[in-house]
Every structure is written in C-alpha cells, then in structure tokens.
Amino acid sequence: FISIYDFANENEVFIHNPARGRKIPRKAPQTKRRPLHDYEIDLVENSEGTRMYLSALILLHTGVRRGELIPFEWTWFDLNKCVIKINQSVYQDGNRFIVQDCLKTDAGERIVRFPARMCEIIKKERLKSNSKYVCCKKDGSLHTPTSWKSAWQSYLNQLNFMYWNAEDKYSDTNKYNPKGYPKSIHITPHMFRHTYATMLYISGTELLDMLEVIPGQYRSMINEFIVPLLSIAVIATSSMNIISAALISLE
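The numbering used here numbers the first residue of the sequence shown as 1126 and each following residue consecutively.
Written out as structure tokens, the structure reads:
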C-alpha cells in the first residue's frame, strides 16, 4: 500500500501518504498460507481429463503466478530443453484481464524448467486445444475474472469428487450436486507457489537460486527465515511442511 500511495502522491492525487510511517500491530490477523499436502498433490497429478489439468501441473511444477498462467501461450514451451520463457502477465480491469509485457519482477523475463515427463502431457493437451492459450475459456479466448473463477471452482469440484471416491464414500453422488458430498479440497493457485518452492528446497536447491526462480519481495526474509530454516530442515520429517510458514515472504 505504501508504494501505491507514493505513486498517487507523485501524481498529485493527494499531498500526504497516510500509509508511510505506519506499522502493522503485532496482534493483527494474519492470513495463513501453506503448500499442498501429499494427497492433494496426488489428486492434481491424477486429474487428467479435466480442463484445468495441464494448468494445474504448470502451477505445481513451475511456480508461476495465476497472472502469468492466464496469458500462457503454447509457444512459451521449449520441449527440447524442458523450459518455459515467461515474459507476460495480466492485471484485472473490471471483468477482464489485460495482458502486459512487464512482470511483477525486477528481472522482467525469466526461464523456468519443468519435468521432462510433462512433455508428452503437453503434446497430448496441445492436440485438444483450439486456442493459442494454454489456459483459456471454452471458446479459446482469454479468461475473464468470472470465467477463471468458474473454471477453477469446477476443477476443485472434480478434485473433491476424486477424493471422496478414493475414500470409497459418496461414490453414487453426482459431482455437480453442491450438497452431495463435503467440500474437503480447498486449493488456491497461490498455494502451488509455496508447494513448488518447498519441493525445490527439499530437492537441494540453494535458497538464493530458489529466489531467482520464484522472485518476489524476499529481502526481509533473510534475517528472519534463512537461519531458522537451516536448523529446522535438519530435524524435519514432513517434506511439505519444512518452509511453509516462511514462504509468505516470497510474494
């Protein structure tokens, strides 16, 4: 908010920045974010046949933001090198997304690797597509905020359906019936970034390299997070919980 008010101040929208010099109270409510649990990752990996299958895999295995996924084009994939080049994102303007070339990063453009096993999935999904966009509306056009919300909710309904079928409960229930089975899967696109960063760290990626792949407002985390993290990692037993509490600083 300070940056927003500074921008408004520079453009003479008002004279004084009311946010500068203010501090967030220690007891202020905080939003808790976490990586996906192992069973949630399994559901995503096995959700082939859903419209958001490849989109969810991209979120999971590359750590891109939702705003980078929405304008994601098939030409961004380099299947020979198993990398993607990210140089666009979207911002919301009413009920539409506007594509912009400048990203929410200092680097602007970045290269991100994805698992080689995704190549065949990408080729298969490309044959089904009628659009230049990987993640799009049914008619092939760019998502709107409303269509994205609807598509994501539909995907969560499918994951819930898969979850309860695996538990051998509610197997005769129609997945489109909102009262037919409990809503146990609550996943947001941003949670995939926490998951991706966690998996990078577990795989042995150096923290500074990790921050290059997932850029953000991370400088404040150096003193608060890195030293405690190194000691926690030695005794941690759950791969999905090692850095979940500190990944908020990556945004």
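Even for Gly, the Cβ is constructed at its ideal location relative to N, Cα and C.
Values in this document were obtained by computation on a predicted structure and should not be read as measured data.
Taken in chain order, the whole alpha helix (DSSP H) runs of length 4 or more contained in the segment 1198-1263 are 1243-1253. Residue environment analysis places Pro1196 among the buried positions, since at least 16 neighbouring C-beta atoms fall within 10 angstroms of its C-beta. DSSP places His1268 outside both helix and strand once states are collapsed to three, so it counts as coil. Taking C-alpha positions only, His1315 is separated from Cys1207 by approximately 23 angstroms. Closest by C-alpha distance to Thr1200, out of Ala1322, Tyr1258, Gln1283, is Tyr1258.
Using a Cβ distance threshold of 8 angstroms, Leu1284 and Ser1172 count as a contacting pair. Straight-line spacing of the CA atoms in Phe1317 and Arg1158 works out to 10 angstroms. Between Leu1267 and Phe1202, the beta carbon gap of about 18 angstroms keeps them out of contact (Cβ cut-off 8 angstroms). By the CB criterion at 8 angstroms, Thr1187 and Tyr1321 fall inside the cutoff. Using a 10 angstroms sphere on the CB of Val1224, the tally of other CB atoms stays under 16, which defines it as exposed. Contact between Val1169 and Leu1194 does not hold, since the beta-carbon distance rounds to 14 angstroms and is not under 8 angstroms. Exclusion of the five residues before and after Ser1275 leaves no residue of its chain whose Cβ lies closer than 7 angstroms to its Cβ. Distance check between Gly1219 and each of Ala1291, Ser1272, Ser1309 places Ser1272 closest, using alpha-carbon atoms only. In terms of Cβ geometry, Ile1310 and Glu1165 form a close pair [threshold 8 angstroms]. Counting along the chain, the unbroken alpha helix (DSSP H) around Glu1170 starts and ends at 1163-1170. Across the structure, Asn1205 and Ile1149 are spaced so that their CA atoms are roughly 48 angstroms apart.
Inclusion of Ile1209 and Phe1239 in the CB contact set at 8 angstroms is warranted, their separation being smaller than that value.
Annotation: Cys1244 to Gln1217 spans about 31 angstroms, alpha carbon to alpha carbon. For the 8 angstroms CB-CB criterion, Ile1246 and Leu1281 do not form a contact.
Here the alpha carbon of Ser1279 sits roughly 20 angstroms from the alpha carbon of Ser1256.
A direct Cα-to-Cα measurement between Ser1214 and Arg1235 gives close to 12 angstroms. In the assembly as shown, Leu1182 is a buried residue. Its beta-carbon has 16 or more other beta-carbons within 10 Å.
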